[in-house]
Amino acid sequence: MVKDKIVEIFILKFKIMQDKNFSRPGYEYLTAYQLGKVIQDLTVEFCNRFIDKKSRTHDQMVQAARSNSQNIAEGLQQNH
Numbered sequence: 013m014v015k016d017k018i019v020e021i022f023i024l025k026f027k028i029m030q031d032k033n034f035s036r037p038g039y040e041y042l043t044a045y046q047l048g049k050v051i052q053d054l055t056v057e058f059c060n061r062f063i064d065k066k067s068r069t070h071d072q073m074v075q076a077a078r079s080n081s082q083n084i085a086e087g088l089q090q091n092h
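Structure below.
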């Protein structure tokens, strides 16, 4: 599952680099953002399986995983 998602990311990036007419992509095409989304999905899956959903730890881990991608998006938007 993880390997498949990572391979998809790099295939997409390769296709984008080959497209001469492609304008500057947004944060969604950054490798850090895409890997952050994979980590977010895996963190949520891990928490749902192994940590009590009512616990504060579960909530904190899910929020931390989500904030990674959000911070990348916000940081790029502030620089443009």
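Here the numbering used here = 1-based position in the sequence shown + 12.
Heads up, the beta-carbon is just placed ideally off N, CA and C, and yes, glycines get one too.
Under DSSP, the alpha helix (DSSP H) around residue i begins and ends at which residues?
i	result
GLU86	68-90
LYS65	Here LYS65 belongs to no alpha helix (DSSP H), and DSSP marks it neither H nor E.
Report the option in the options whose CA atom is closest to the CA atom of residue i.
i	options	result
ASN80	VAL19, TYR39 and LYS17	TYR39
TYR41	ASN60, PHE58, GLU20 and LYS15	GLU20
ASP16	TYR45, LYS27, LEU88 and VAL50	VAL50
Would you check if the segment 71-79 and the segment 48-58 touch, i.e. whether three or more CB-CB distances between them fall below 8 Å?
-> yes
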